[in-house]
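K.L.:
Sharing a structure here in structure tokens format.
Chains as they are written, first to last, in my numbering: chain A, 278 to 780; chain B, 11 to 133.
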């Protein structure tokens, strides 16, 4: 192969990844050669700028034809562009919170902090645009290993060390299970390319039945449920969210979760809908959805019930994020026309409302030096503006009309009810658990409005967290009042069915 | 790939699993039948190549051993990748050269990281 053929490939479709890669490598080398007395604050703004540049270059790709390079392992289609936008935007907000967090924390490796976030983001982006099991797995591991280090980056804190240890061990087990599932997919088809796997397995199942194919589906799903923090791999979330630094917790609960849904959709939807199911008129995907719907129902129930008893605000948000992952599995189970739209919209709403709430949490926790729920007491008397912002996020997380969370839930409901067959049981579980979730979201509001404050000092607004809160309030309200704008954008520029073409 | 070949390979797994279980069970049971049984306090002391055992077996190793081992493994793997590439260089051409350069540069950054973080000094 000569240089002419090498340059004839459309490398520009990897532009966002190249920007992040260059920024991460450049920052790591600069950090190594810069004397240690120089403040690394500027790194935060440089990495935020790099993420913004990658986001802009990604948005210029919207509406382009699907394309593949690198022997069909890298693939750019509507699915990858739209979900990569969520990853980049979420990371941008997390980096903004980081700049405020690092200004007063005991983290010594401030340079590493930023380029590890960029490396994790790069892994997640590779997962979003890959059509090959090996590349998907490498992306998954890049994200996972960077997250393990970030969780334990407060070297002197026992809590942070414990969280990192638990995360690494649990993550290792989950990775082993995922790989075991992948090995079945490879063993049955003899290929790592998702399109080839789908064709081979369709041909096999017609002749030889389903036992191994169903085993492959279930084992892979169980392994991937670790990244989503859903049943059966959900119990790591509270301990690790509690122990890790707040921006890392924000990254895990939003970006890492989005990446988990991306790889789940990519692997499962590329392979199983074309395989013949147990009944003559359904696909294997629909036949095995009963397992996923049980997992989704249990996730919603466990997440919301256990959140009721939490006094630690970080643990409360961990259980709430488990519950949200349960809601997000509903469109995956329903498999309707609106599946991609409702998942994307809910994840976007979740980025706004959860990251906004966590930015407020950062201000409260650094003010009180503790994550107990009583830190919110009397917030209304101390800072009405912050209280109103937090109220908007909480109402949205609970799903009250006029907010993004309500529109997201509404879309999931409609999609699940109009699916064939309708998922009445799952929708009713979701309705009931949503009502249960009002209790713990409103108990935070009770503290903010009704309880007397412990002290009357003024709240300081660090610049990064303030920017995040402002963006998130705007996003939550705009998506709640004009949801049509985002959905229209989605329908105009993205055809999700091109995920299934071009193999 | 033939489906039956794939499924039948599990017969070998089962056979080896059975063999692995049976071998120690048989050896220990037959040994129990054959050997004389005369317990004695001297017999239950630790046997360490004839030397009297001293202090605790659980000692802390210097963490630098792990660092060195890790670095060694990385560069060992690099050699393993470089060797077949160097042998087949004429057929692979420019694309492989660029790929290999990317690979070496990535590892070089890792080495610089280890060097600046003082992993290469012992004290």
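Idealized CB from N, CA, C, for every residue including glycine.
What number of angstroms, rounded off, separates the C-alpha of residue 91/B from the C-alpha of residue 103/B?
P.N.:
Within the second chain, residue 91/B is the residue found at index 81, counting from 1. Within the second chain, residue 103/B is the residue found at index 93, counting from 1. If I take the Cα positions, the gap works out to 16 Å.
K.L.:
Just checking, does the segment 573 to 582 of chain A make contact with the segment 601 to 610 of chain A on the three C-beta pairs under 8 Å criterion?
P.N.:
Judged by Cβ distances under 8 Å, the segment 573 to 582 of chain A makes contact with the segment 601 to 610 of chain A, as three or more pairs qualify.
K.L.:
Who are the neighbours of residue 118/B on chain A, taking C-beta pairs under 9 Å?
P.N.:
For the purposes of this step, residue 118/B is taken as the residue at position 108 of the second chain. Here the premise fails: no neighbours, minimum Cβ distance about 10 Å.
K.L.:
Please report the Cβ distance between residue 681/A and residue 629/A, rounded to the nearest whole angstrom; I am assuming they are in contact, meaning their Cβ atoms lie under 8 Å.
P.N.:
Here the question's residue 681/A lines up with position 404 in the first chain. Here the question's residue 629/A lines up with position 352 in the first chain. Yes, they are in contact, since the Cβ atoms of residue 681/A and residue 629/A sit about 6 Å apart, within 8 Å.
K.L.:
At the 7 Å Cβ level, is residue 427/A part of the contact set with chain B, yes or no?
P.N.:
Here residue 427/A refers to the residue found at position 150 when the first chain is read from its first residue. Output row for residue 427/A: interface = no.
K.L.:
Whole angstroms is fine: what's the gap from residue 427/A's alpha carbon to residue 388/A's?
P.N.:
Taking the first chain and counting its residues from 1, the one referred to as residue 427/A is at position 150. Taking the first chain and counting its residues from 1, the one referred to as residue 388/A is at position 111. Cα-Cα distance, rounded: 12 Å.
K.L.:
Within the 7 Å Cβ cut-off, does residue 309/A reach chain B?
P.N.:
Here residue 309/A refers to the residue found at position 32 of the first chain. Yes, its Cβ sits closer than 7 Å to a Cβ of chain B.
K.L.:
Check whether the Cβ atoms of residue 514/A and residue 639/A sit closer than 7 Å, and answer yes or no.
P.N.:
For the purposes of this step, residue 514/A is identified with residue 237 of the first chain, where counting begins at 1. For the purposes of this step, residue 639/A is identified with residue 362 of the first chain, where counting begins at 1. No, the Cβ-Cβ distance between residue 514/A and residue 639/A is not below 7 Å.
K.L.:
In angstroms, rounded to a whole number, what distance separates the CA positions of residue 298/A and residue 399/A?
P.N.:
Residue 298/A sits at position 21 when you count from the first residue of the first chain. Residue 399/A sits at position 122 when you count from the first residue of the first chain. The alpha-carbon atoms of residue 298/A and residue 399/A are separated by roughly 7 Å.
K.L.:
Can you give the Cα-Cα distance for residue 459/A and residue 646/A, rounded to whole angstroms?
P.N.:
As a first step, residue 459/A must be located in the first chain, where it is residue number 182. As a first step, residue 646/A must be located in the first chain, where it is residue number 369. Distance between the alpha carbons of residue 459/A and residue 646/A is about 44 Å.
K.L.:
With respect to the alpha helix (DSSP H) encompassing residue 768/A, which residues constitute its N-terminal and C-terminal limits?
P.N.:
Along the first chain, one-based indexing puts residue 768/A at 491. Looking at the DSSP string, the run of the alpha helix (DSSP H) that includes residue 768/A is 760 to 770.
K.L.:
Curious, which full-length alpha helix (DSSP H) runs of at least 4 residues does the segment 326 to 403 of chain A contain?
P.N.:
Runs of the alpha helix (DSSP H) inside the segment 326 to 403 of chain A: 355 to 380.
K.L.:
Inspect the beta-carbon positions of residue 572/A and residue 401/A and report whether they are closer than 7 Å.
P.N.:
For the purposes of this step, residue 572/A is taken as residue 295 along the first chain, with counting starting at 1. For the purposes of this step, residue 401/A is taken as residue 124 along the first chain, with counting starting at 1. Not a contact, by the Cβ cut-off of 7 Å.
K.L.:
Would residue 61/B be called buried (16 or more neighbouring beta carbons within 10 Å of its own) or exposed?
P.N.:
Working through the second chain from its first residue, we reach residue 61/B at position 51. The residue is exposed, with fewer than 16 neighbouring Cβ atoms inside 10 Å.
K.L.:
Compare the Cα-Cα distances from residue 698/A to each of 560/A, 352/A, 586/A, 453/A and report the closest residue.
P.N.:
To locate residue 698/A, count along the first chain from 1; it is residue 421. The option with the nearest alpha carbon to residue 698/A is 560/A.
K.L.:
Beta-carbon separation of residue 585/A and residue 717/A under 7 Å?
P.N.:
Indexing the first chain from 1 puts residue 585/A at position 308. Indexing the first chain from 1 puts residue 717/A at position 440. Yes.
K.L.:
On the premise that residue 684/A lies in contact with residue 626/A, defined as a C-beta separation below 8 Å, what is that separation, rounded to the nearest angstrom?
P.N.:
What you label residue 626/A is simply residue 349 of the first chain in a count that begins at 1. What you label residue 684/A is simply residue 407 of the first chain in a count that begins at 1. About 7 Å; that satisfies the 8 Å criterion.
K.L.:
Would you call the segment 364 to 372 of chain A in contact with the segment 317 to 328 of chain A, where contact means no fewer than 3 C-beta pairs closer than 8 Å?
P.N.:
These segments touch.
K.L.:
Would you report the Cα separation of residue 406/A and residue 533/A, rounded to the nearest angstrom?
P.N.:
Working through the first chain from its first residue, we reach residue 406/A at position 129. Working through the first chain from its first residue, we reach residue 533/A at position 256. One C-alpha to the other measures close to 15 Å.
K.L.:
Let me know if residue 727/A comes out buried or exposed under the rule of 16 or more other beta-carbons within 10 Å of its beta-carbon.
P.N.:
Residue 727/A sits at position 450 when you count from the first residue of the first chain. Classification of residue 727/A: exposed, given that the 10 Å Cβ count is below 16.
K.L.:
On the three-state DSSP scale, how would you describe residue 100/B?
P.N.:
Numbered from its first residue, the second chain carries residue 100/B at position 90. In this structure, residue 100/B counts as helix in the three-state DSSP scheme.
K.L.:
Could you check if residue 432/A is buried or exposed, using at least 16 other CB atoms within 10 Å of its CB as the buried criterion?
P.N.:
The residue given as residue 432/A occupies position 155 in the first chain. Burial call: exposed.
K.L.:
Taking the alpha-carbon positions, what's the residue 58/B to residue 456/A distance?
P.N.:
Here residue 58/B refers to the residue found at position 48 of the second chain. Here residue 456/A refers to the residue found at position 179 of the first chain. Approximately 41 Å between the Cα atoms of the pair.
K.L.:
What does DSSP give as the partner residues of residue 58/B in its beta bridges?
P.N.:
In the second chain, counting from the first residue as 1, residue 58/B sits at position 48. Answer by DSSP bridge pairing, in chain order: 61/B.
K.L.:
Using 7 Å as the limit for Cβ to Cβ distance, is residue 283/A near chain B?
P.N.:
Numbered from its first residue, the first chain carries residue 283/A at position 6. Chain B, which has a Cβ nearer than 7 Å to the Cβ of residue 283/A, makes this yes.
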